[in-house]
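Novice: For the record, the sequence lines run as chains S and H. Here the first sequence stands for residues 416 to 955, numbered as in my numbering. Here the second sequence stands for residues 416 to 955, numbered as in my numbering. Can you keep this structure in mind? I'll have questions shortly.
2 protein chains.
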Amino acid sequence: MRMSLSVEELPLAWLRDNCPCPRCRDPRNGQKLFQITELPVDLALGAVRRTADGVEVDWAPDGHRSAYSARWLTANRPDAGEGSGDRRDETGKTLWAAADLDGGLPEADWAEYLGDPVTKARVLESVLGLGFALLREVPCREGQVLEVAETFGYVRETNYGRLFDVRVEPDPNNLAFTGARITPHTDNPYRDPVPTLQLLHCLSNAAVGGDSGLVDGFKAAALLRAEDPEAFAVLTRTSVPFRFSDARTVLAADRPLIDVDGRGRIREVRFNNRSISTLRLPADELDAFYRAYRTFAEITLRPELQLDFRLSPGDCLIFDNVRLLHARTAFEESGARHLQGAYADIDALAGALAVLRRQRALAGEEFLDGVAELFEDEGAGAYLGEAVTMAQHMLQAAARAEEAGAPGALVAAALLHDIGHFQGPVSGEELMAGTDNRHSHTGADRLVDWFGPEVTEPIRLHLCAVEPEYFGRLSEASAYTLKVQGGPMSLAEVAGYEANPYAADGVAVRRWDDEGKDPEASAPDFAHFRPSLAALLRTA
Amino acid sequence: MRMSLSVEELPLAWLRDNCPCPRCRDPRNGQKLFQITELPVDLALGAVRRTADGVEVDWAPDGHRSAYSARWLTANRPDAGEGSGDRRDETGKTLWAAADLDGGLPEADWAEYLGDPVTKARVLESVLGLGFALLREVPCREGQVLEVAETFGYVRETNYGRLFDVRVEPDPNNLAFTGARITPHTDNPYRDPVPTLQLLHCLSNAAVGGDSGLVDGFKAAALLRAEDPEAFAVLTRTSVPFRFSDARTVLAADRPLIDVDGRGRIREVRFNNRSISTLRLPADELDAFYRAYRTFAEITLRPELQLDFRLSPGDCLIFDNVRLLHARTAFEESGARHLQGAYADIDALAGALAVLRRQRALAGEEFLDGVAELFEDEGAGAYLGEAVTMAQHMLQAAARAEEAGAPGALVAAALLHDIGHFQGPVSGEELMAGTDNRHSHTGADRLVDWFGPEVTEPIRLHLCAVEPEYFGRLSEASAYTLKVQGGPMSLAEVAGYEANPYAADGVAVRRWDDEGKDPEASAPDFAHFRPSLAALLRTA
C-alpha cells in the first residue's frame, strides 16, 4: 500500500486524468467526461488526506476532489510496469515450434465448446496465446463456418463473400482454388485492415494430399531478430506493396512483412509470396530488402517450425491471420476436398473471452455463495441420525483433512463430500428408509462444473472403501446406509476401484467422513475454507 | 528508355522476382508461382538481348529466361521513387483546414452518384483524398445507410450491430446516445483493427443544436510535428490503452494516438478522450505523454481546423475514421435527432474506385473506337448535298480550328459538331426533307457522358449563330436546314444565347462548320485527333 501514501510522487496529469468521480467518468459506461485540455494548466495537489480506503485529493487551483482507493493505486502504480495490455504483441503470446505441440493440438469438441464455458474459454485462449485452435465434430453442413465465427465475433465480409469455398474451381481467381501446393503464408495481405482471424471448416477431404501446416510467424520473426537483427530491422521498416486484382476487384496495401509496435515488439506478420507486387525503392534498399526477405522466407520453411496435420470432415480450424502462416500440400484435383472459410477479427474474440471470464468469475462467486448458504441453512439440519448437523459433519471432515496435511483439493473433497445430501431429490430421511439417492454421485455431478477430478473423484469414490477392516469400523447408521447403497463391493468391483488413480483419496475422504461425527469436536466455519475453494474453481 | 538498356545495373533478385513469364506468374490471376527461396542463391545475369519491345534476359545458373518490356522497366525503375502506393499515408492525402473547403463541401446527389460513374468516382476520391464526402438526397429510410456502404464496400459488423442508431436512448452505453456535446474524436479506438470508415445517415435533425464538425487529424498531426517534434515522437511511440466495457462487451486495443509507417509518415490517427484507460508507464514517460497529448488535443480544438456544418435529413456523411475527427454540438434531448451509422473499410472503397477507373478507362477507349468507326463507316457517306463526305466535313472543321490555334476542347467540338447526324433516328435525307432530328442536341447529349461543357456546349450552340451577317453567308443547304431547325433566332433567343458563356465558342464552331465543306481542302484523319480527344475524356 506504499503508493496510497505517496500520491505526491505520481505524475499529476495522469492522476487527475484517472479521477473516478461521477463528474469525470460517466457512471453508466465508464467513459471520460472531460477533455484533457479542460484540466488546469497549472494543476497542483492541494490537501491530501488518507482515508479508510485509500486517499482523497483536493486539486489546486480548481478545487476538484478525487478519491483513489489503495487497491487502484497499487494496481496501477506507474513503476509496476505496463499492464497486460491487449495481448496483441509478442509479449502476450506463447511462441512455438512444432515440437512444442507434441502434447497435442489445442482442440475441443464442438458440443463441449458450446455447452461448457470453461472449454470455450480454453479454445479462445488458445487462439489468443498460441494463435490457433481446432474444433472437432462441427456439423458438416455448408455455411456452418459462419455459425462458428458468430460464437465469438463477427464475420468480416470481403470480395470473396461472407464465406468462401476452398476447392478446385474451373476458372480460379486465386491459387487457393486449385490443387497446387501452397507454402506457408498469411491471407489477404493486400487488405488493410487485414482480417485478423481466419476460419477453415472441412466438409470433405478425400483427396490424396491436401494436408495442412501451420507455422508461428511470430516465432519465425523472433528467430530472424536473433539470428540477423539487421534483416529484421529492414523488414520492419520496408513497406511492401501487396496487390490483388481480378476482373471485379483491385486491392492494395503497403505494409511491412513484420510490423512492430512503438517499443519494437512484434505485433503483426504478413507473409505471402504470391501477392507481393513490384517494390520501387533505391537499388541498395532493394538489395537489402531481398536479402532480408529471403532469409525470413528460409526461416518460415524450416521443417521444425511447421506443425503438420490433416483436417478431417467436421474439423474447423480457427487461427490468427496476422501471426500464423498456413500451408497445404498439393492434392489431386480430381479428389474431393472442400473447405469453407471465413474471416473475422481477433479483437472481438479477445472481448468474448474477457466477457466469458467476467461471467465465469461472477458465477463462481455465486456458486460459492450458494454453497455457503447450504452450509448455513440445510446444513444446520439433522444428519441421518448422527449426533452432529450435516454442516458440522462436513466441516469436521475438512478440519481432519487439514490437520492431516492433505492438499487443498482433498480438503475440499472432505468439505464437500456429502453435498449431494443437500437439496437432493431424496431427503436424508428417505435415504434412511431405504431409498438411495446416490448421494455421492449427485454431489460430484453438481461439483464437476466447478472443480477438477482431484476434488470430484475422491467424493465420487468415498463410499466404496475397500480396506479389509473397513465395514466393521462404520458407525451403525453408516453401516446401514452403505448396505442400502449397494453394500460392500464384490471382488470385481474392488479390482476396478483399486485401479482408479483416486482410490486412495477416496479412502482418505471416507475416513475423514467417519471421523467427522463427533459432537464434542470443534471445526472452523465455512468462511475459513472459502478462499481455498475459490482458488480451486475451474475458471474460464 | 534508358533503363531498358541497363538491366545490368538493376538489383538482380528484384528483377528476377518480377519476371512476368507464365511459369513465374499465373496468367489467370497474376499471382506469383514461386517462392523467393527457390531462386538460385548465386543468381547472375547471363545473356542480355535487346528486343523490339524491351529486353530479354537469360539467367545464370538456372537458364530461366525473362522478357521485360521497355515500358515496364521505365515505369518501375528503382530510382524513380516509390510508386503511388496504397494512398493510406499522408503523402496520398490532401491535408486541409476549414478555410480550404470554403469552395464547398465534397458532395453529390445520391441519384447522380448511383447513375454516373464519374460522379461516383469523385465522391470516392474525396473520401480517399480529403477524408470525407457528403451524399445528399439519400432516401430517408431506416437501414438505407447499409445500402450506401454496399455501393463501395462491405459493412463491418460490431457489437453495436450492422448499423447503429445515434439518438437519445434511455439507458445509453455510450455518450453518443445522449444529447451531450462530443468533442472531435475518432470512433472505436478500442478496436483493433479499428473500422477505417464511418457512415452517418441523417434521418431527422429537428433538435436545437446537434451540428456537426470535422477536423483533419492528419493536418493536426502534421501541425504537431512542425510545432513540437518531440511531442509528435512521443505520441507515435506510446501505446495508449483504449478500453470499452459494457454489460455484454469488453474491448481493448493498445495503439498510439498517431501511427506512422516505417518512413515516419503519418498513417493513422486515433483520438478519443472518452476511452483512454489508465496508462502504466514509468513516471517520466507518463509526464512526457500527458504533455504531448494535451498539446495535440489543443491543436485538434483550434477553431480554424474545424469544418462546421449541419446534417439535414437525407444527408449521408462518409468519412475516414483513422484520419478525420468528428464532433457534434450538444442538443436538446427532447428534440428529434436521429442518425443511423455504420462502419466499413477504406481498402474496399479504394478498390471500388480503382475498378471504376479501370472500367471507365476501358469504356473511354471503347467510346473512341466507336467514334473512329463512325468516321470510317457512316462518315464516308454523303453530307446532305454538300460536295464532301460527313467525315471530310468534320475533319476539315477540326483542321480549320486547329489552324486557328483553338484550344483542344474547341478543336474537339469542331471535330464532333455533327456527330448527332450519325446513327441518329432520322437520316440526313429525312432532315433535308424537313424532319428535324435536332442533330446538334443529339450529338451533345451523346457526348455529355464523356466531355465537359467546354466541348459539348459549343456543339449544342453551333446552330444558333447570331452574327448580323451570319444567315447570308450560309451555303444553300445550310441555309435550308437552319430554316428547318427553327430558323434564325428571335431577339429574345439571341439575348439568352449571348448570355451563354460558350456563345463565342458556338459561333466559332459554326464558322469552322461552314468552312469545312471544301472538296479540294485537305485534313488529317481521325487518328490525328484521337490522342487529344482521349485527354479530354471525363475519367473516373
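Glycine included, every Cβ here is placed at the ideal spot set by N, Cα and C.
1) Is there a Cβ of chain H sitting closer than 8 Å to that of isoleucine 834 of chain S, yes or no?
2) Quick check on leucine 516 of chain S: does DSSP put it in helix, strand or coil?
3) Contact criterion: CB-CB distance below 8 Å. Does aspartate 441 of chain S meet it with respect to chain H?
4) So, at 6 Å on beta carbons, what are the nonlocal neighbours of phenylalanine 724 of chain S in its own chain, with the 5 sequence-adjacent residues on each side left out?
5) Report yes or no: is there a C-beta of chain H within less than 8 Å of the C-beta of asparagine 620 of chain S?
6) Check whether the Cβ of tyrosine 758 of chain S lies closer than 8 Å to any Cβ atom in chain H.
7) Return the first residue and the last residue of the beta strand (DSSP E) that isoleucine 681 of chain S is part of.
8) So, under 8 Å CB-CB, glutamine 559 of chain S and histidine 616 of chain S are touching, yes? Tell me the CB distance rounded to an integer number of Å.
9) Identify each residue in the region 588-613 of chain H for which the Cβ-Cβ distance to at least one residue of chain C is less than 7 Å, and report them in chain order.
10) Are alanine 484 of chain S and tryptophan 474 of chain S touching if we call contact CB-CB under 8 Å?
11) Within the chosen definition, does the region 910-917 of chain S reach the region 778-789 of chain S through at least 3 CB pairs nearer than 8 Å?
12) What whole-angstrom Cβ distance do glycine 445 of chain S and glutamine 613 of chain S have, given they're in contact under 8 Å?
13) Comparing the C-beta of isoleucine 874 of chain S with each C-beta of chain H, is any distance below 8 Å?
14) Which residue spans inside the region 517-548 of chain S form an unbroken beta strand (DSSP E) run of at least 3?
15) Under a Cβ-count criterion, where at least 16 other Cβ atoms within 10 Å of its own Cβ denotes burial, should glycine 576 of chain H be classed as buried or exposed?
16) Determine the burial state of cysteine 436 of chain S: buried for a count of at least 16 other Cβ atoms within 10 Å of its Cβ, exposed for fewer.
17) Listed from N- to C-terminal order along the chain, which residues in the region 711-731 of chain H have their beta-carbon within a distance smaller than 7 Å of any beta-carbon of chain S?
18) Would you report the Cα separation of alanine 765 of chain S and arginine 685 of chain S, rounded to the nearest angstrom?
19) Closer than 8 Å, CB to CB, is leucine 520 of chain S near chain H or not?
20) Return yes when at least one heavy atom of the ligand HEM lies under 7 Å from the C-beta of asparagine 589 of chain S, else no.
21) Excluding the 5 residues preceding and the 5 following alanine 595 of chain S in the sequence, name in chain order all residues of the same chain whose CB lies nearer than 8 Å to its CB.
22) Counting C-beta neighbours from all protein chains within 10 Å, is the total for threonine 850 of chain S 16 or more, i.e. buried, or is it exposed?
23) What is the DSSP secondary structure of tryptophan 865 of chain H, counted as helix, strand or coil?
24) Excluding the 5 residues preceding and the 5 following glutamate 423 of chain H in the sequence, name in chain order all residues of the same chain whose CB lies nearer than 8 Å to its CB.
25) What residues from chain S crowd round phenylalanine 653 of chain H, counting only those whose CB sits closer than 8 Å?
26) What three-state label does DSSP hand histidine 616 of chain S in the structure shown?
27) Verify the CB distance criterion: does methionine 416 of chain H have a CB-CB separation below 8 Å to chain S?
28) Taking alanine 919 of chain S as the reference, give the member of S:Asp602, S:Leu952 and S:Glu869 with the closest Cα.
29) Measure the alpha-carbon distance for glutamate 935 of chain H versus leucine 862 of chain H and round it to whole angstroms.
30) When you check each C-beta in the region 691-702 of chain S against every C-beta of chain H, which residues fall closer than 9 Å?
31) Can you tell me where the alpha helix (DSSP H) with tyrosine 705 of chain H in it begins and where it stops?
32) Quick check on the DSSP output: the alpha helix (DSSP H) that includes glycine 487 of chain H runs from which residue to which?
33) Under 8 Å between the Cβ atoms of serine 619 of chain S and proline 656 of chain S?
34) Using the C-alpha atoms, what's the distance from valine 542 of chain H back to aspartate 518 of chain H?
35) With C-beta atoms as the reference, is proline 610 of chain S less than 8 Å away from aspartate 760 of chain S?
36) Just grab the DSSP bridge partners of arginine 691 of chain S for me.
Specialist: On the basis of the supplied data:
1) no
2) helix
3) Using a Cβ-Cβ cut-off of 8 Å, aspartate 441 of chain S counts as an interface residue toward chain H, since at least one Cβ of chain H sits closer than that to its own.
4) Ser627
5) no
6) no
7) 681-684
8) Contact annotation, glutamine 559 of chain S with histidine 616 of chain S: C-beta distance approximately 6 Å; criterion of less than 8 Å satisfied.
9) Of the protein chains in the structure, S and H, none is chain C.
10) For the record, residue 484 of chain S in the displayed sequence is serine; it is not alanine. No, Cβ-Cβ distance for serine 484 of chain S and tryptophan 474 of chain S is not below 8 Å.
11) no
12) Glycine 445 of chain S to glutamine 613 of chain S, Cβ: 32 Å. No contact.
13) no
14) The region 517-548 of chain S contains these whole beta strand (DSSP E) runs: 522-524.
15) exposed
16) exposed
17) Ala712, Glu713 and Leu716
18) 21 Å
19) no
20) Among the components of this structure there are no ligands whatsoever, and the ligand HEM is therefore not found.
21) Ala745
22) Model confidence at threonine 850 of chain S stands at a pLDDT of 46, short of 50, so the residue's coordinates are unreliable and nothing is read from them.
23) Coil at tryptophan 865 of chain H, not helix or strand.
24) Leu460 and Val463
25) Correcting the residue type first, residue 653 of chain H is threonine in the shown sequence and not phenylalanine. Listed along chain S are Gly677, each with a C-beta nearer than 8 Å to that of threonine 653 of chain H.
26) Here histidine 616 of chain S sits in strand by DSSP.
27) Annotation note: pLDDT 39 at methionine 416 of chain H (below 50); position unreliable, coordinate value reported separately. Taking Cβ atoms only, chain S never reaches closer than 8 Å to methionine 416 of chain H, which makes this a no.
28) S:Glu869
29) 30 Å
30) Ile691, Ser692, Thr693, Leu694, Arg695, Leu696, Pro697, Ala698, Asp699, Glu700, Leu701 and Asp702
31) Counting along the chain, the alpha helix (DSSP H) containing tyrosine 705 of chain H begins and ends at 698-715.
32) The question names glycine, but residue 487 of chain H in the sequence shown is tryptophan. Going by DSSP, tryptophan 487 of chain H is part of the alpha helix (DSSP H) stretching over 485-490.
33) no
34) Before going further, note that residue 518 of chain H is glycine rather than aspartate in the sequence given. Approximately 17 Å, taken between the alpha carbons.
35) Closer than 8 Å, so yes.
36) Looking at the sequence itself, residue 691 of chain S is isoleucine, so the reference to arginine does not match. In DSSP, isoleucine 691 of chain S forms a bridge with S:Phe657.
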